[in-house]
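Asker: Pasting a structure here, questions to come.
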Amino acid sequence: MNSTVTRDRNSERRKHLGIELGVQQRALRDRGIPVIIVVEGWNASGISDTVAALLDGLDPRGFDFHAFGHPSEEERDHTFLWRFWIRTPSRGRIAVFARSWYSRLLAEELHGIDGLERINRAIRSVRTFEQQLADAGTLVLKYFLQISREEQRRRLLARERDTLTSWLITRNDWDFHRQYDAYAPLIRRIIAETDTPDNPWRIVEADDSTRAVTEVLSSVVDRLRDRLALEGVCRLPIALPAVEMPPPVDTAKGPHTMGRQEYDAALVDSQARLRACQYSLFKRMIPLVIVYEGWDAAGKGGSIKRLVQSMNPRGYEVVPVSRPNDDELAHHYLWRFYRRFPPAGEVRIFDRSWYGRVLVERVEGFATEQEWKRAYSEINEMERTFVESGGGIIKFWLEIDRETQLRRFRERAQDPLKQWKITEEDWRNREKWDQYDAAVREMLARTSTPQAPWTVIDSRNKPYARLRAQRTVIEYVEGLI
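Quick note, in this note's numbering, the sequence shown goes up one by one and the last residue is 747.
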């Protein structure tokens with residue numbers, strides 16, 4: 267067939283695909299379906315041209331474009347997937363990634379003596395990351411542009427000789443080209459191990475760049491058409507394995523007691539060691555997450571206040587967690603927490619946390635049974651990845667009995683300086699004590715892991731509970747360093 271005719275037909279085909287893509291984008295927005303399009307491939311395989319063709323058919327008000335190279339200083343101070351999590355799209359938006367976590371996985375994780383082990387951990391984390399997005403309704407489309415070693419060399423030389431493109435060619439491009447045969451098996455392995463039913467790869471032969479662009483466009487349109495044809499993403503019911511639920515605090519026994527004088531004397535040493543711990547974390551660039559969960563009126567605020575009393579405020583932040591706003595609701599529920607995770611050397615203290623998914627959202631019906639059951643493994647994976655990346659996590663559950671809570675509620679209601687702490691919602695929650703208690707026991711059983719165990723503190727005596735929390739942090743940090 268005449269090459270001019272072929273080009274004209276291809277151009278017409280791409281025009282129609284672009285129009286359909288724009289129509290689908292509006293339908294995705296109306297249906298609230300988030301989409302991620304990942305375009306990966308060998309250097310000089312045509313990633314930029316492919317992405318440009320995709321974006322040409324989209325309304326720029328409804329997509330976000332991301333191109334990743336070397337991580338910024340802020341990104342280096344966080345875990346590997348952090349920079350990608352915070353850029354996941356909200357409902358109804360499309361995020362297009364010209365290179366993604368896959369290119370950065372190769373560039374950043376394969377080095378040093380433990381390079382292959384780092385790759386293994388990264389692959390597992392990427393699989394889980396993509397599966398969590400898919401489970402929450404995000405459509406993830408992944409394309410790899412495949413070219414031969416000879417074709418890559420030809421394109422790199424052509425770009426070098428062209429004054430308009432020579433600036434695009436770097437020493438890294440040629441270094442990567444020379445290692446083509448060494449990287450090819452690893453790339454095939456990564457693709458094979460992340461090619462899942464919910465997030466499959468499409469390998470596009472890109473020696474013919476024009477045909478490759480059209481193939482990607484056509485595939486995207488087909489996948490979006492299939493997704494829009496579904497009424498919803500159907501998931502099989504989740505069957506959780508049986509676990510032994512921990513017992514509540516034994517109220518037949520008196521609470522741990524500690525008098526004010528004993529507490530004040532112990533506090534001097536505790537505060538000095540906490541200052542030293544914060545300095546050690548900073549010097550060793552270790553990020554630390556401290557989670558406070560517990561019953562209403564269990565003393566979370568007072569415990570946090572005493573914990574940070576002697577710390578340098580430039581090195582810690584307390585994150586109060588309340589109901590998500592509209593932007594947060596439009597994203598995966600973990601998105602807002604990833605955004606607040608600490609950089610290297612800093613401390614983040616969460617006053618309530620992602621565990622709301624399996625507590626208040628479960629009990630009050632803000633999350634479906636499918637969602638809160640799935641959350642146990644999602645949370646465990648998030649915490650495991652954070653710890654394996656060099657961070658630390660301490661989780662406190664402040665336990666009190668029903669009678670202690672009632673007494674503290676009444677004290678707050680009668681004290682003008684504390685009345686702001688008690689709300690109608692607090693009183694309503696007491697009526698569901700048994701439901702919350704069941705949720706708490708299951709949470710503790712399913713999310714206390716070797717990487718991030720729970721510390722349950724009997725908080726009926728406030729001085730004891732505060733000092734116990736401080737000493738737990740001290741012992742944990744001193745164990746890290």
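Think of the CB as a built atom: it goes at the ideal place given N, C-alpha and C, for glycine as much as any other residue.
This one's a predicted model, so the numbers in the text were calculated from it and none came from an experiment.
(1) Restricting to Cα atoms, I'd like to know which of ARG580, GLY622, GLY581, ARG359 is closest to TYR599.
(2) Could you tell me whether the Cβ atoms of VAL624 and ILE645 are closer together than 9 Å?
(3) Under a Cβ-count criterion, where at least 16 other Cβ atoms within 10 Å of its own Cβ denotes burial, should PRO608 be classed as buried or exposed?
(4) Would VAL479 and ARG468 qualify as a contact pair, given that the criterion is a beta-carbon distance under 9 Å?
(5) How long is the line joining the alpha carbons of GLU426 and GLU417, rounded to whole angstroms?
(6) Just to confirm my understanding: we take LEU371, look at its own chain, exclude 5 residues before and 5 after, and list those with CB closer than 6 Å. What are they?
(7) Whole alpha helix (DSSP H) runs in the region 282–345 with 4 or more residues, listed along the chain?
(8) Of all the alpha helix (DSSP H) runs that stay within the bounds of the region 552–630, which reach a length of 4 or more residues?
(9) What runs of the beta strand (DSSP E), each 3 residues or longer, lie entirely inside the region 364–445?
(10) Once the 5 residues before and after GLU510 are set aside, which same chain residues still bring their CB inside 7 Å of it?
(11) Is there contact between the region 663–673 and the region 716–731, where contact requires at least three CB pairs shorter than 8 Å?
(12) Cutting at 7 Å between CB atoms, please list the residues of its own chain near HIS597, excluding the five before and the five after it.
(13) Since GLU665 sits in a beta bridge, which residues does DSSP pair it with?
(14) Report, in whole angstroms, the separation of the C-beta atoms of THR460 and ARG365, which I expect to be a contact under 8 Å.
(15) Taking the beta strand (DSSP E) that GLU471 belongs to, which residues open and close that run?
(16) Report the rounded CA-to-CA distance for GLN680 versus ALA538, giving the unit in angstroms.
(17) Could you round the C-beta distance between SER391 and THR651 to whole angstroms and report it? I think they count as a contact, below 8 Å.
(18) Could you tell me whether the region 727–738 touches the region 671–686, using the rule of 3 or more Cβ pairs below 8 Å?
(19) Just reading off the alpha helix (DSSP H) that ARG712 is part of, what are its end residues?
(20) Check for me: the alpha helix (DSSP H) holding TRP638 runs from which residue to which?
(21) Could you pull out every residue in the same chain whose Cβ sits closer than 6 Å to the Cβ of ILE360, ignoring the five residues on either side in sequence?
(22) Quick one: using the 10 Å Cβ neighbour count with 16 as the cut-off for buried, is THR316 buried or exposed?
(23) Taking only three categories from DSSP, how would you classify GLY745?
(24) For PRO521 and TYR558, I'd like the C-alpha separation in whole angstroms.
(25) Between the region 531–550 and the region 561–576, do at least 3 Cβ pairs fall closer than 8 Å?
(26) Need the endpoints of the alpha helix (DSSP H) that ASP530 sits in, please.
(27) How would you write the range of the alpha helix (DSSP H) that THR523 sits in, first residue to last?
(28) Do LEU554 and GLY657 come within 9 Å of each other at the CB atom, strictly closer than that value?
(29) Smallest Cα separation from TRP638: which of GLU697, TRP620, LEU434, LYS549?
(30) Going by alpha carbons, who is nearest to ILE504 out of LEU540, MET551, ALA641, ALA610?
(31) Which word fits THR436, buried or exposed, when buried means at least 16 other C-beta atoms lie within 10 angstroms of its C-beta?
(32) Would you report the Cα separation of ARG419 and SER369, rounded to the nearest angstrom?
(33) Would you mind stating whether THR749 and GLN397 have Cβ atoms separated by less than 9 Å?
(34) Below 7 Å CB to CB, which residues in the same chain sit around LEU434 once its five sequence neighbours on both sides are set aside?
(35) So, with DSSP's three-state summary, where would you put ALA458?
(36) Can you tell which of VAL743, TRP348, MET709, GLU383 has the C-alpha that lies nearest to the C-alpha of TRP367?
Answerer: This is what the structure holds:
(1) By 1-based counting over the sequence shown, the position of residue 599 is 333. The candidate whose alpha carbon is nearest that of TYR599 is GLY622.
(2) Taking the first residue of the sequence shown as 1, we reach residue 624 at position 358. Taking the first residue of the sequence shown as 1, we reach residue 645 at position 379. Yes, the Cβ-Cβ distance between VAL624 and ILE645 is below 9 Å.
(3) Start at 1 with the first residue of the sequence shown, and residue 608 comes out as number 342. Burial call: buried.
(4) Along the sequence shown, one-based indexing puts residue 479 at 213. Along the sequence shown, one-based indexing puts residue 468 at 202. Cβ atoms of VAL479 and ARG468: not closer than 9 Å.
(5) Numbered from 1 along the sequence shown, position 160 holds the residue referred to as residue 426. Numbered from 1 along the sequence shown, position 151 holds the residue referred to as residue 417. Each residue's alpha carbon lies about 14 Å from the other.
(6) Numbered from its first residue, the sequence shown carries residue 371 at position 105. So the list reads ALA388, once near-sequence residues are dropped.
(7) 313–322, 339–342
(8) 566–573, 592–595, 601–604, 626–629
(9) 405–412
(10) Along the sequence shown, one-based indexing puts residue 510 at 244. Hits under 7 Å: ALA711.
(11) yes
(12) Mapped onto the sequence shown, residue 597 falls at position 331. So the qualifying residues of the chain are THR354, SER356.
(13) Taking the first residue of the sequence shown as position 1, residue 665 is located at position 399. GLU665 is bridged to ASP724.
(14) Walking along the sequence shown from the start, residue 460 turns up at place 194. Walking along the sequence shown from the start, residue 365 turns up at place 99. With 8 Å as the limit, THR460 and ARG365 do not qualify as a contact, their Cβ atoms being about 15 Å apart.
(15) Position 205 of the sequence shown, counted from the first residue, corresponds to residue 471. First-last of the beta strand (DSSP E) with GLU471: 467–471.
(16) The count along the sequence shown starts at 1 and reaches residue 680 at position 414. The count along the sequence shown starts at 1 and reaches residue 538 at position 272. The straight-line gap from Cα to Cα measures roughly 36 Å.
(17) Translated into positions along the sequence shown, residue 391 becomes position 125. Translated into positions along the sequence shown, residue 651 becomes position 385. Their Cβ separation, rounded to whole angstroms, is 5 Å, which keeps SER391 and THR651 in contact under 8 Å.
(18) no
(19) Residue numbering aside, residue 712 sits at position 446 when the sequence shown is read from its first letter. 699–713 is the span of the alpha helix (DSSP H), which, as asked, contains ARG712.
(20) Along the sequence shown, one-based indexing puts residue 638 at 372. Here the alpha helix (DSSP H) through TRP638 covers 635–654.
(21) To locate residue 360, count along the sequence shown from 1; it is residue 94. Hits under 6 Å: VAL301, PHE329.
(22) In the sequence shown, counting from the first residue as 1, residue 316 sits at position 50. Classification for THR316: buried.
(23) To locate residue 745, count along the sequence shown from 1; it is residue 479. Helix at GLY745.
(24) In the sequence shown, the residue the question calls residue 521 occupies position 255. In the sequence shown, the residue the question calls residue 558 occupies position 292. Cα to Cα, PRO521 sits roughly 20 Å from TYR558.
(25) yes
(26) In the sequence shown, counting from the first residue as 1, residue 530 sits at position 264. Counting along the chain, the alpha helix (DSSP H) containing ASP530 begins and ends at 526–550.
(27) Along the sequence shown, one-based indexing puts residue 523 at 257. Element bounds for THR523: n/a, residue is neither H nor E.
(28) Counting from one through the sequence shown, the residue named residue 657 turns up at place 391. Counting from one through the sequence shown, the residue named residue 554 turns up at place 288. Yes, Cβ-Cβ distance for GLY657 and LEU554 is below 9 Å.
(29) The sequence position of residue 638 within the sequence shown is 372, counting from 1. Considering only alpha carbons, the answer is TRP620.
(30) For the purposes of this step, residue 504 is taken as the residue at position 238 of the sequence shown. Of LEU540, MET551, ALA641, ALA610, the residue nearest in Cα terms is ALA641.
(31) Numbered from 1 along the sequence shown, position 170 holds the residue referred to as residue 436. So THR436 ends up on the exposed side.
(32) Taking the first residue of the sequence shown as 1, we reach residue 419 at position 153. Taking the first residue of the sequence shown as 1, we reach residue 369 at position 103. If I take the Cα positions, the gap works out to 19 Å.
(33) As shown, the chain starts at 267 and ends at 747. That puts residue 749 outside it, with no answer to give.
(34) The residue given as residue 434 occupies position 168 in the sequence shown. Excluding sequence neighbours, LEU434 sits near ARG425.
(35) Within the sequence shown, residue 458 is the residue found at index 192, counting from 1. Three-state result, ALA458: helix.
(36) One-based indexing of the sequence shown puts residue 367 at position 101. It is TRP348 whose Cα lies nearest to the Cα of TRP367.
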